[in-house]
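For the sequence shown, the working numbering begins at 142 and goes up steadily by one.
Ideal placement from N, C-alpha and C gives every residue a C-beta, glycine not left out.
Given the structure is predicted, the values throughout are model-derived calculations rather than measurements.
Have a look at the structure below before the remarks.
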Amino acid sequence: MQELNVLVSGFNPYHDVDDNPSLLVPQTLAQQGLDYDPTDVNDPLYNVNVHIHSVMLEVSFTKAWPLLRETIEQVKPQIVIATGLKRASRGILLERCAENKKDTSRPDADNIIPTRPKIDENGPAAYWTGLPLRAILQAFTADHIPATLSSDAGTFVCNALFYRLQDWMTHHDHMLAGFVNLPLINEQPHPQHGLPLRSQVTAVQDMVRETVRYYVRNGNGGELLI
142 MQELNVLVSG FNPYHDVDDN PSLLVPQTLA QQGLDYDPTD VNDPLYNVNV
192 HIHSVMLEVS FTKAWPLLRE TIEQVKPQIV IATGLKRASR GILLERCAEN
242 KKDTSRPDAD NIIPTRPKID ENGPAAYWTG LPLRAILQAF TADHIPATLS
292 SDAGTFVCNA LFYRLQDWMT HHDHMLAGFV NLPLINEQPH PQHGLPLRSQ
342 VTAVQDMVRE TVRYYVRNGN GGELLI
């Protein structure tokens, strides 16, 4: 049986957010695992054993990426999905692009406001996600989860982490990574923002499942349809 490791990262509690989905969803996935049947011969996940790990990061420009990188080196995952929080979002935001930009007047958890506009002075302007977003969106549709493709992850810590992650991935073969922003947890239907925690867990399970299927089918090769 093929063994695959998946690392899902989140962030510690946000200011003024009682229940942070970026904290609760990765922890729940690591506890519950992935819901699939490895004995289904018609599924690309046939004979594949998926292990899900989680790590919580500080909302810090200087601390988030070093801890994620350290965890990647320990866990040795084939797939990394980083999660963040977008308070104003109605549903799931699948981030397509990480920009080489830090442009914020808001301090991070260390009370630091970046003084340089770029994440990497010598790096490219942007990196694309490594996740199969079209397949993920199809899974969301089947599970009635509202979601959209997002052009970027902003210019705060989420985007900086996403950029560093994708930059690291360019130097490591046979791995896939990307970033998703989750909405606030709202257990009551709302026309503008928020999803129940269960729906958000299902969404990230869909992301893991479809990315693993893509990885197994393509051997981490081929062009992603994002």
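Looking at C-alpha atoms only, which residue of the options is the closest neighbour of residue i?
{"i": "Ala-318", "options": "Thr-203, Asn-241, Arg-237 and Arg-257", "result": "Arg-237"}
{"i": "Asp-251", "options": "His-312, Leu-175, Ser-201 and Gln-346", "result": "Ser-201"}
{"i": "Val-349", "options": "Asn-153, Tyr-155 and Tyr-177", "result": "Tyr-177"}
{"i": "Gln-143", "options": "Thr-296, His-192 and Leu-175", "result": "His-192"}
{"i": "Asp-347", "options": "Gln-279, Leu-325 and Leu-323", "result": "Gln-279"}
{"i": "Arg-210", "options": "Asn-327, His-312, Ala-239 and His-334", "result": "His-312"}
{"i": "Ile-253", "options": "Val-221, Thr-203, Pro-167 and Leu-165", "result": "Thr-203"}
{"i": "Asp-249", "options": "Gly-295, Glu-199 and Ala-276", "result": "Glu-199"}
{"i": "Ile-286", "options": "Leu-234, Ser-163 and Tyr-187", "result": "Leu-234"}
{"i": "Leu-336", "options": "Gln-219, Asn-146 and Ser-163", "result": "Ser-163"}
{"i": "Leu-170", "options": "Pro-324, Leu-186 and Val-345", "result": "Val-345"}
{"i": "Lys-259", "options": "Gly-271, Thr-270 and Thr-245", "result": "Thr-245"}
{"i": "Tyr-268", "options": "Trp-309, Asn-146 and Ser-340", "result": "Trp-309"}
{"i": "Gly-271", "options": "Arg-247, Lys-243 and Phe-320", "result": "Phe-320"}
{"i": "Trp-206", "options": "Pro-179, Thr-224 and Thr-343", "result": "Thr-224"}
Would you call residue i buried or exposed, if buried means 16 or more other Cβ atoms sit within 10 Å of its Cβ?
{"i": "His-194", "result": "buried"}
{"i": "Asp-261", "result": "exposed"}
{"i": "Arg-358", "result": "exposed"}
{"i": "Gln-172", "result": "exposed"}
{"i": "Val-221", "result": "buried"}
{"i": "Gly-295", "result": "buried"}
{"i": "Pro-265", "result": "exposed"}
{"i": "Val-182", "result": "exposed"}
{"i": "Glu-364", "result": "Summary for Glu-364: the model assigns pLDDT 46, below 50, so the residue's position carries little reliability, and this model does not support an answer."}
{"i": "Ala-229", "result": "exposed"}
{"i": "Gly-362", "result": "Note that Gly-362 has pLDDT 46, beneath the 50 cutoff, so the model's placement of it is unreliable and the number below is only indicative. Exposed is the call here."}
Spell out the partners DSSP gives residue i in its beta bridges.
{"i": "Thr-289", "result": "Leu-234"}
{"i": "Thr-224", "result": "Val-321"}
{"i": "Ile-113", "result": "Only positions 142 to 367 of the chain appear in the structure, and residue 113 is not among them; the question remains open."}
{"i": "Glu-240", "result": "Ala-267"}
From which residue to which residue does the beta strand (DSSP E) around residue i run?
{"i": "Ile-193", "result": "189-198"}
{"i": "Val-147", "result": "143-152"}
{"i": "Ala-267", "result": "267-269"}
Which two residues bound the contiguous alpha helix (DSSP H) that contains residue i?
{"i": "Leu-306", "result": "298-310"}
{"i": "Pro-383", "result": "Only positions 142 to 367 of the chain appear in the structure, and residue 383 is not among them; the question remains open."}
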